[in-house]
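K.L.:
Residue numbers (the numbering used here): 88 to 568.
#1: Exposed or buried, what is residue 171 when buried is set at 16 or more other beta-carbons lying within 10 Å of its beta-carbon?
#2: For residue 193, report the span of its beta strand (DSSP E) as first-last.
#3: Compute the distance between the beta-carbons of residue 356 and residue 314, then report whether it is under 8 Å.
#4: Please determine if the region 182-202 and the region 231-247 are in contact, where contact requires at least 3 C-beta pairs separated by less than 8 Å.
#5: What span of residues does the alpha helix (DSSP H) with residue 454 cover, start to end?
#6: Which whole runs of the alpha helix (DSSP H) in the region 265-303 are 4 residues long or more, in chain order?
#7: Is it the case that the Cβ atoms of residue 424 and residue 456 are separated by a distance below 8 Å?
#8: If we count Cβ pairs, one from each stretch, closer than 8 Å, do we get three or more for the region 245-257 versus the region 383-400?
#9: Under 8 Å between the Cβ atoms of residue 257 and residue 354?
#10: Nearest to residue 206 by CA position, among 435, 422 and 487, is which residue?
#11: What's the C-alpha gap between residue 370 and residue 413?
#12: Answer with buried or exposed for residue 101, where buried requires no fewer than 16 other C-beta atoms within 10 angstroms of its C-beta.
#13: If you count every other CB in all the chains shown that lies within 10 Å of the CB of residue 147, and 16 or more means buried, which is it?
#14: Where residue 104 and residue 136 are concerned, what is the direct C-alpha to C-alpha distance, given to the nearest angstrom?
#15: My guess is that residue 319 and residue 364 are in contact by the Cβ rule of under 8 Å, so how many angstroms apart are they, rounded?
#16: Check residue 389 in the structure and name its three-state DSSP category.
#17: Are there 16 or more other CB atoms within 10 angstroms of the CB of residue 234, so buried, or fewer, so exposed?
#18: In chain order, what residues of the same chain have a beta carbon less than 7 Å from the beta carbon of residue 116, not counting five sequence neighbours either side?
#19: Under 8 Å: do the region 480-488 and the region 502-514 share three or more Cβ pairs, one atom per stretch?
#20: Going straight from the alpha carbon of residue 236 to that of residue 166, what length do you get?
#21: Please classify residue 569: is it buried, with 16 or more other beta-carbons within 10 angstroms of its beta-carbon, or exposed?
#22: Ignore the nearest five residues each way along the sequence and tell me which others in residue 376's own chain have a CB closer than 8 Å to its CB.
#23: Where residue 114 and residue 428 are concerned, what is the direct C-alpha to C-alpha distance, given to the nearest angstrom?
#24: Based on the DSSP secondary-structure assignment, which residues constitute the bridge partners of residue 131?
#25: Report back the beta-carbon spacing between residue 202 and residue 253 to the nearest angstrom; my notes put them in contact at under 8 Å.
#26: Could you compute how far the alpha carbon of residue 294 sits from the alpha carbon of residue 106?
#27: Label residue 278 either buried or exposed according to how many other C-beta atoms from any shown protein chain fall within 10 Å of its C-beta, with 16 as the threshold for buried.
#28: Tell me the residue span of the alpha helix (DSSP H) that contains residue 148.
#29: Restricting to Cα atoms, I'd like to know which of 128, 405, 259 and 292 is closest to residue 311.
#30: Classify residue 209: buried if its beta carbon has 16 or more other beta carbons within 10 angstroms, exposed otherwise.
#31: Going by DSSP, what residues sit across from residue 404 in a beta bridge?
#32: Are the beta-carbon atoms of residue 267 and residue 217 separated by less than 8 Å?
#33: For a quick check, are the C-beta atoms of residue 298 and residue 325 less than 8 Å apart?
#34: Can the beta-carbon of residue 380 be found closer than 8 Å to that of residue 346?
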């Protein structure tokens, strides 16, 4: 950057003066004031693009790597020649474009600084967001239309316009890595996943008392952690009552809506957590492909979290108010305007009526459904003596398998493989526990544990083990295909 005056030691250091440009802690600062003394204190404002205006106050003699940047940098201009006119004109136009788009909401920067193939309809959320004094926007596009890209465009645009400094993305835990990869590879935005491992790392580096939310400007966090006070309390302390320049992106926002349709529904834990945290952010983006759960009161409660000045829970949502803060498009709408999305064709398959040739008994769908029903009956008989909670869990598992079977054979096969591995682990654990304790109790069969009321308890131990092995092998072989 020009001639610099290096630091040679604490006793020989040259003290900067107000107006000097210095490099401290790998950043460039403009010196605003200097308090001379035994340990001079230098205050300055950052000049770097990603932290412009941030204040810094340091004890100059205690800093390890400092530089006072000289003013003779102007003497080096033109030493290596000048750029061609076309290149210099392009540079001037770039500066002019950046200056204009920072104030004009109708001109965008983010789409031209992203490594994506952008569709025209994905610019509509960005257009609406920039027209709002505070970006309180609900992106409710259909699945597959690119809500993540649309939200990332808005976040990047707000960063470029200096309207946002810190961003928190709250999403389901399974989506954390996808969000991190999309933001980094497509938009050049580095986000840190805030979890237990990160908190432990921060405490090892900075001490136990540090607030982890203050250690990085952009975070990804699981929605489940927001109901944990170990994570929510430091977040509230960092945000205080209201923190300017902050953006909250809530993915799958319908999870924060009360599930009941009652007029005064009791909020869930995640609803209460989001209701407490969201108003502390200056800007809010909610994303969901299913914003309405069928209950108007629940929908209005969710919109109240987004913008409490426009909406109130229990009060009917007007279309005129909703249009300003919501973007909702379906694939059918985009297909009619732009095309590009294949049309789904549903073909009806008629089952023969009485007297007509019926489906064969060995039809895979019928055979699998029959085996699954048998498996459900076996689990129900096995859990007959269990608690109601255990019985409900068993029914839920069978219900999940039935849903996969109705979805597709491939989905059912993948789910069944996972379930089979889980059951094998459970059986292995139970067998190991029985061997380690050398229990004289009856062995556990596939259909359930034997007690004194079971006739099979009168069998010999060898007969019971043989019966258990046959039952387990028969059950596994039934689902092996």
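We treat Cβ as the ideally placed atom computed from N, Cα and C, and that holds for glycine.
P.N.:
A quick look at the data gives this:
#1: Burial check for residue 171: the Cβ neighbour count within 10 Å stays below 16, so the residue is exposed.
#2: Following the DSSP letters along the chain, one finds residue 193 in no beta strand (DSSP E), marked with neither H nor E.
#3: Cβ distance < 8 Å, so residue 356 and residue 314 count as in contact.
#4: The region 182-202, when compared against the region 231-247, does touch it at the 8 Å Cβ threshold.
#5: 451-469
#6: 283-293
#7: no
#8: no
#9: No, these two residues do not count as a Cβ contact at 8 Å.
#10: 422
#11: 14 Å
#12: Taking a 10 Å sphere around the C-beta of residue 101, we find fewer than 16 other C-beta atoms and assign the residue as exposed.
#13: Taking a 10 Å sphere around the C-beta of residue 147, we find 16 or more other C-beta atoms and assign the residue as buried.
#14: A direct Cα-Cα distance of roughly 23 Å separates residue 104 from residue 136.
#15: 7 Å
#16: helix
#17: buried
#18: 109, 131, 132, 133, 134 and 143
#19: Inter-segment contact for the region 480-488 and the region 502-514 is present: three or more beta-carbon pairs are separated by less than 8 Å.
#20: 44 Å
#21: This structure does not reach residue 569, given that the chain is present from 88 up to 568, and the question cannot be answered.
#22: Correct list, in chain order: 227, 228, 229, 230 and 234.
#23: 48 Å
#24: 118 and 143
#25: Going by Cβ atoms, the distance from residue 202 to residue 253 rounds to 24 Å, so no, they are not a contact pair.
#26: 35 Å
#27: buried
#28: It is not in any alpha helix (DSSP H) - residue 148 carries neither H nor E in the DSSP assignment.
#29: 259
#30: buried
#31: Bridge partners of residue 404: none, in fact.
#32: no
#33: yes
#34: yes
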